[in-house]
Each structure stands twice: as structure tokens, then as C-alpha cells.
Amino acid sequence: MSIKLKDGTVVDGQHAAESLKIPRGERPWLEPETASYNQPESFVKQFWMPDLVVIAPGLLYGSLTPALLVRGVTRALAETKAKKVYVCNLVTKPTQTDGFTVADFADEIERFSGVNMDYVL
Numbered sequence: 000m001s002i003k004l005k006d007g008t009v010v011d012g013q014h015a016a017e018s019l020k021i022p023r024g025e026r027p028w029l030e031p032e033t034a035s036y037n038q039p040e041s042f043v044k045q046f047w048m049p050d051l052v053v054i055a056p057g058l059l060y061g062s063l064t065p066a067l068l069v070r071g072v073t074r075a076l077a078e079t080k081a082k083k084v085y086v087c088n089l090v091t092k093p094t095q096t097d098g099f100t101v102a103d104f105a106d107e108i109e110r111f112s113g114v115n116m117d118y119v120l
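Residue numbering for the sequence shown follows numbering that gives the first Met the number 0, beginning at 0 and increasing consecutively.
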């Protein structure tokens, strides 16, 4: 995952970004940008089957966002008929999500996934 800071610096990798202030509203990307699940069609089809898709707690910019940026994931989330649930973090991460509310976390998840969650816990 890469992200561009307000001063124009590009930071590559989860560990490099952990101690930095991530600009809110910036859009990270994967390198290569063509990163995709090995079998996107079978992956997408798996999302048609369940009644519920849960996005569990995790580092917003370190684990959840990169997973949502993989080609095929957002399409699968958009096409599934399953209810979509985001289980929010209980705590914030210093420098990255300081001051975030549940709504802030949910807004970022919805922005990166491109879909509205049916439920946020």
C-alpha cells in the first residue's frame, strides 16, 4: 500500500506509514495498482453465497484498507445480496485515527469499499 502525504511525499508500506499522520480523505493505493486476487471470478462468486459479510476490526490503513483495495473485492461487495456489517474498532491508533468516532471509521470503510454498510457495530 502507498499513500501520498500533504507535502507530496509518497510513503510505501504499512510499517513505514504506521508512525505517520495519514491525511484524512486521502486515497491509498496498492503497488502494483493492478494487484488482484488470483481468481477474481471465483472470489466474487463466493460473495453471492452468504447471508452476511462482516468487515472485522483492524488497522484502518494497515490492514482493512489494503484488503479493500484489491481488485475484485469492491466489486464483490457491491454485487453481493448479503447484508454488509462493519464491526468498528474499540480504540483509535495514534497518529492515524486519533479522534475518530464510529461514524468516521464507517465513513472511511464505505469510501474505500464503495458500498454502504447495512449495519455498523
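By construction, the Cβ of each residue, glycine as well, lies at the ideal position given by its N, Cα and C atoms. These figures come from a predicted structure and were not determined experimentally.
In angstroms, rounded to a whole number, what distance separates the CA positions of residue i and residue j?
i	j	result
Pro-65	Ser-1	9 angstroms
Phe-111	Asp-50	22 angstroms
Ala-75	Leu-58	21 angstroms
Phe-99	Val-52	23 angstroms
Phe-104	Ala-77	19 angstroms
Lys-5	Lys-80	38 angstroms
Val-101	Asn-88	8 angstroms
Using beta-carbon positions only, say whether residue i and residue j come within less than 8 angstroms of one another.
i	j	result
Val-84	Met-48	no
Is it buried or exposed, residue i, if we count other Cβ atoms within 10 angstroms and call 16 or more buried?
i	result
Val-72	buried
Thr-8	exposed
Rounded C-beta distance between residue i and residue j? I'm assuming under 8 angstroms.
i	j	result
Leu-68	Ile-108	Their Cβ separation, rounded to whole angstroms, is 12 angstroms, which puts Leu-68 and Ile-108 out of contact at 8 angstroms.
In chain order, what residues of the same chain have a beta carbon less than 8 angstroms from the beta carbon of residue i, not counting five sequence neighbours either side?
i	result
Asp-127	With the chain running from 0 to 120 in the structure shown, residue 127 is simply not present.
Val-114	Thr-73, Leu-76, Ala-77, Lys-83
Ala-55	Val-86
Among the residues of its own chain, which have a CB less than 6 angstroms from the CB of residue i, if the five just before and after it don't count?
i	result
Lys-82	Leu-51, Asp-117
Under 7 angstroms Cβ to Cβ from residue i, same chain only, skipping five residues before and after it: list those, please.
i	result
Val-119	Tyr-85, Cys-87, Val-101, Ala-105
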